[in-house]
Amino acid sequence: MSSVIMEPRKNLVCLGAGFMSGLVAAEVARDSHNYSVVAITKGPWWDYVSDFSTTKYDEWGVGLGRKYDSPLPVQSTTIRNSPTQFALPVRRYTMPIQYHALGHGVGGAAQHYGGTMGRQGPWGYKQQSLSDAAYPGKLAQIQPNNDLQDWPLDYAGYEPYYHKWELVYGLCGTNNGSPTDTSSDMNYPWMDPSYGSKYPMPPHPLTPVATQFRDACLATSPPQGAKFTSYHPFPHVSSLASQPYTNVPYGVPVNPCVYDGYCGGNCNYACETGAKANAAYRTIPAAMATGNFKLVTNAYIFRLVWDATSHTVTEAHYYDAQGNVHIQQGDVFFNGMWGYNMIRIMLLSGVGVPYQYNSGLGTGTGSVGRGLTNGYAPYTGTAASGTLNIGANSYSAGNASGGSVDIYDLMDDNFDHTNLNFIGGAQIGMGGYAGGGPGNITLAGNVSPSNTGVGGTFKAKQKDKYLPTTTNVGATPFAPDIPTYDHYVDLDPHYTDIYGDPLSRLTYDWTANMYNGATYLATIVAQILTKMGASNVKVGATPAQVHNDWWGHHLRGGCRIGKDPTSSVFNSWNQHWLSGAPGPNIGSNYFAAGEITNTAGDTVPSGTHVAGPQSWRAAEGIRQYLQTPGLLTP
Amino acid sequence: MPVLKIPRKAQRIVAPFVESRVPGPEEFVVLSEPLLNATLKLARLLKGCKSKWALSGDAGELVSGVSIPADHLSILTTAEGCEEISYRLVENVVQPPRIVERKLDREAKIGKEPYPVQMKSHEARFRIEGQRLHVYGGLQIRIGDWEWGDPLEYEPEYVYVGSEKLPVVPLRLKTELYIGLGWMDRVKKINEAMVRRHHGPGFGG
C-alpha cells in the first residue's frame, strides 16, 4: 500500500547528486555548524566495481540500450527547431539524431562522460560588452535577435573558485595556453601562479598525432590580424585521473585511469576504477564521512512547494520506487539537476517567472527557460580535414579525453574581427587516443555491409578500422553559440512523463555565429594541417540552412545567472532573484548551478568546468544564507 | 502557466529502477583535513631531499587507496635519510634521531602460534601542522627470537595529494610484510584496494 511520508527537516536539500550537488553537499555538511544535508536523486548509487567492472563491456546494452542512463520511458523531453513547429518527444538514445546520454543516479552524467575539461577565458564572461565595445553594431548585424548578456562576475572573480574546484575533482593538465598567466591576459584563461601548481595532476601521455599537431602549431605563422605572435599549444585538460590522487581539501583517495579503452566513443562507458571524476567518488564520500549527510536514491522529484509570502521554497516532493510520496522540508534548497530538468521542475512548481517568447515582437519576457544555447559542435558543419601518414591501433586502449593537444589562440578575441561576420572563435584540438572507445556497435561504426558491400571489401574495411595505416585529422571550428530570443525551454502542451506531468520542450537550432566562424576558421586550421604534413587537405563547407539534429547533452543557458533580475534567474551567488515577483527583492532560499546556469560562453570543451566554480560560490552563498537569510550582496 | 496542482496521493506506477545499496558513512575512509594539511606541508618541506624516503604506515596506505583510517604520518627511509629529514625538519623536531628498539602492540601469527614482533630503526619524531610524524630509518623487524631481518628496501611509488607528488611505500612490499607477520586482515584490505584499482583480482588472485 503506497502512502505519503514526511521526512525529517534538513538544513539543506540538494536536488540531484551530480557534479554540482555533490560539491555543495560536501561543503555545507563539512561546515563547523554541523548542518544537516540530504541529496535526492532519481537513480541508484553506482559501485564502480560491482556495477561496472564486468558489465560495462556490453556495447549493445551501453551504446544502444543506454542501460546506465536516465530511462526515457519515465521521463524525456520534446524537441523542435523553431517556435512554429510541433515538438516531438525523444523516444530512444541513438546516434546521430538523438544523443543525450543523460546521467542517472549518484554522479549523474559524469559517470560516463569523456572527462574533457578546459576553463572559459576572460572574454567569455564579458562577451557582450567586450564585443559591443570593440565592434559596435556587429552583434546586431550577425544575430539581430540576440539575447546575449555578460556574466555577473568576471574571470578574475571566478578564478579562485576554479582552482578549488579543480583540486576537489582532480584535473590533469599543465596550463591553458596563456602566454603570461596574469590578469592582463584577456584572451586566455590564465592561472594565478600564487596557487603554486596549475592543474593538480600531469596530463595524460601525448600521442604521435598530438605531438605532430603541437610541432606544426609552433611552426605555423599566426593568421592575419592575430593578436598573438605564435601559437600556444598545450596538453588537453582532462578530469580522468592520470595518477593515484587524494583530493584537497576532502582527503578522498582516487584511483588512476587504467587506459582500458572502454571509455569514450559513442558508447560513453562508465569507469570501473572510478577514475572519471564525478560526485560519487570525489565529493559525496566527503559529505558521507561527516555523518551529517543523507543520500536518497531511486527518488523522482516531481514538485517544489513555493511559498509566495515568504518567497521561499519550503518542500520538495518525490516519489520513491514503490510510488510513495515523500515530503522533504528544508531551510535551503539547491538545484543541481541536469540541464532542462532544472528548468522543468521550476516551471512545474511555479518557481521564478517562466520565459514567454513573443513571436510577433521577436523578443520575450521572463527568465526561466530563456537563453538556451548548445555547447557542442554541429554534428554536420563546416570542417577542415586531411590525412596523416601515421598508423594507429584502434583496439581498446587509452581513454576518452587524454593524449591530445589544444590551442586556444583561435578563440575569443585573439584576432581582429573588424571585417569578420562573427565574434569569438574556436578551441582546436587533435590527437586523442585512437582506441579510446569502441564505436557504437561495430556495424554502426561506419563499417557495415550497407556501405562497404560484403565479403572481402567488408573484411578489409574492418581490418582498416582497427589497424589503420593512416589517420584522419581535422576540426569543425564553430564559433560560440549566441543566445537568441527564439531558443528556449518551456513545458510541452502535449507530452507527459510516466506520472502525467508535462515534459520539457526544447526549441533550438544552430545560430549564424557558429557557422560564420567555422567558415572562416576552417581555412586557418587547414594551414596547420598542411604544416603537419597531412595530405588531401580540404575544407568542406556545409550550408547554413542545415538544421540542428544533434540534441547534445551540453545544453547551456536557459536558467542563467546575471546582473538583471528581469532577464536572469539567479544572481552572482547563484541565488534565486525572485525576478518579477511581487514585493521587494529579498532573495530566496533557492540556489542552483550547472551548465544550464551558464550565462554565455566561448567554445571551451566543457561547460561543466565552467559551471563548477558557480557551485563552489553557491556553497559559500548557502552557508552565508543559513547564518543570515536574505539577499546576498555581491 | 499556472502552477500545476501538487498531487499528495501516492501513485500506482511501476517505474524501472536499478536496485541500489547506499554505502554507510563508515565505508568512506578519507584522510582527515589536519593530516591532509600536514601531508601537504611535509611534501613541500622535503622537496629536494636527497635520501630515499616514502610515506608509510596507515596514511601511506590510505593515499594509495586502502580503506584504512590513519591518525598520524609515518616515513620509511634509510639511516642517513633519518638524519637528513631531521635536518630539514629541524623546527619540527620532537625527538631527534636515535636507534630505538621497540616491541609492537600487535603480535605476529605464524601458523596458529602468536609471536612477539620487535622493530629496530633510526627513529625520529616530529610535529607538522600539529600532527604526529614518525620517521623510521633502516627499519629492521624480528619475529620472536629469530634473527633480525635485513633493513626494509623498496622502490617508492608515487601518488598525488593535491598538487604535491609524494613517494609512498609500495603496497606490494606492505603485502609481503603483512603476509610474513600473518596479519591477513591487512592483506585483505590491500587486496580489496587492488581489486578496485585494477578492476580485477588483487595480489595472489
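Same order as they appear, the protein sequences are chains A and B. In terms of my numbering, the first sequence has 48 at position 48, counting the first letter as 1, and numbering is strictly consecutive. In terms of my numbering, the second sequence has 106 at position 106, counting the first letter as 1, and numbering is strictly consecutive. Positions of the beta carbon are idealized from the N, C-alpha and C atoms, including for glycine.
- Ser-606 (chain A) has its alpha-carbon roughly 42 Å from the corresponding atom of Gly-456 (chain A).
- Following the DSSP letters along the chain, one finds Glu-315 (chain A) inside the beta strand (DSSP E) bounded by residues 312–319.
- Here Pro-97 (chain B) is not near Ala-108 (chain B), since their CB atoms are 9 Å or more apart.
- Glu-147 (chain B) carries a coil assignment under DSSP once its states are collapsed to helix, strand and coil.
- Not a single C-beta of chain B is nearer than 9 Å to the C-beta of Tyr-590 (chain A).
- Taking the beta carbon of Gln-11 (chain B) as reference, the chain A residues within 8 Å of it are Ser-2, Tyr-319, Gly-323, Val-325, Tyr-499, listed in sequence order.
- Under the 10 Å beta carbon count, Leu-88 (chain A) is surrounded by fewer than 16 other beta carbons and is classified as exposed.
- Interface annotation, Thr-175 (chain B): not in contact with chain A, CB-CB separation never under 9 Å.
- Annotation note: the segment 340–369 of chain A contains the following uninterrupted beta strand (DSSP E) runs of length 3 or greater, listed N- to C-terminal: 356–358, 363–365.
- Pairing Phe-28 (chain B) with Ile-284 (chain A), the inter-Cα distance amounts to about 9 Å.
- About 20 Å separates the CB atoms of Tyr-408 (chain A) and Gly-157 (chain A); that is not less than 8 Å, and the two are not in contact.
- Beta-carbon to beta-carbon, Ile-596 (chain A) and Gly-339 (chain A) are separated by about 5 Å, close enough to satisfy the 8 Å threshold.
- Using a CB distance cut-off of 9 Å, His-198 (chain B) counts as an interface residue toward chain A.
- A distance below 6 Å between beta-carbons, with the five flanking residues on each side excluded, links Glu-315 (chain A) to the following residues of its chain, in chain order: Val-305, Ile-327, Gln-329.
- With its beta carbon less than 9 Å from one in chain A, Tyr-158 (chain B) belongs to the interface.
- By the Cβ neighbour-count rule, Arg-92 (chain A) is exposed, with fewer than 16 other Cβ atoms within 10 Å of its own.
- Going by DSSP, Lys-465 (chain A) is part of the alpha helix (DSSP H) stretching over 456–466.
- Residues of the segment 70–87 of chain B whose Cβ lies closer than 9 Å to any Cβ of chain A: none.
- Using a CB distance cut-off of 9 Å, Arg-172 (chain B) does not count as an interface residue toward chain A.
- Under the three-state reduction of DSSP output, Gly-22 (chain A) falls in the helix class.
- Glu-159 (chain A): member of the alpha helix (DSSP H) spanning 155–169, first to last residue.
- Under the 9 Å criterion on CB atoms, Pro-160 (chain A) is classed as non-interfacial with respect to chain B.
- Under the three-state reduction of DSSP output, Trp-53 (chain B) falls in the strand class.
- Contact annotation, Pro-151 (chain B) with Gly-138 (chain B): C-beta distance approximately 4 Å; criterion of less than 8 Å satisfied.
- The C-beta of Trp-616 (chain A) comes no closer than 9 Å to any C-beta of chain B.
- Bounds of any beta strand (DSSP E) do not take in Lys-174 (chain B); it lies within the alpha helix (DSSP H) bounded by 171–181.
- Fewer than three pairs of CB atoms, one per stretch, sit closer than 8 Å, so the segment 208–222 of chain A makes no contact with the segment 258–270 of chain A.
- Residue environment: Tyr-269 (chain A) is assigned as buried (16 or more neighbouring CB atoms within 10 Å of its CB, all protein chains considered).
- Among the CB atoms of chain A, none fall inside 9 Å of the CB of Ser-56 (chain B).
- Counting along the chain, Gly-612 (chain A) sits inside the alpha helix (DSSP H) bounded by residues 607–627.
- When Cβ pairs closer than 8 Å are counted between the two stretches, the segment 454–473 of chain A is seen not to touch the segment 40–55 of chain A, the count staying below three.
- Interface annotation, Met-288 (chain A): in contact with chain B, CB-CB separation under 9 Å.
- Tyr-93 (chain A) carries a coil assignment under DSSP once its states are collapsed to helix, strand and coil.
- Look at Ser-163 (chain B): its C-beta is under 9 Å from a C-beta on chain A.
- If only uninterrupted alpha helix (DSSP H) runs of at least 4 residues are considered, those enclosed by the segment 486–536 of chain A are 512–531.
- In the displayed model, Trp-123 (chain A) falls within a helix according to three-state DSSP.
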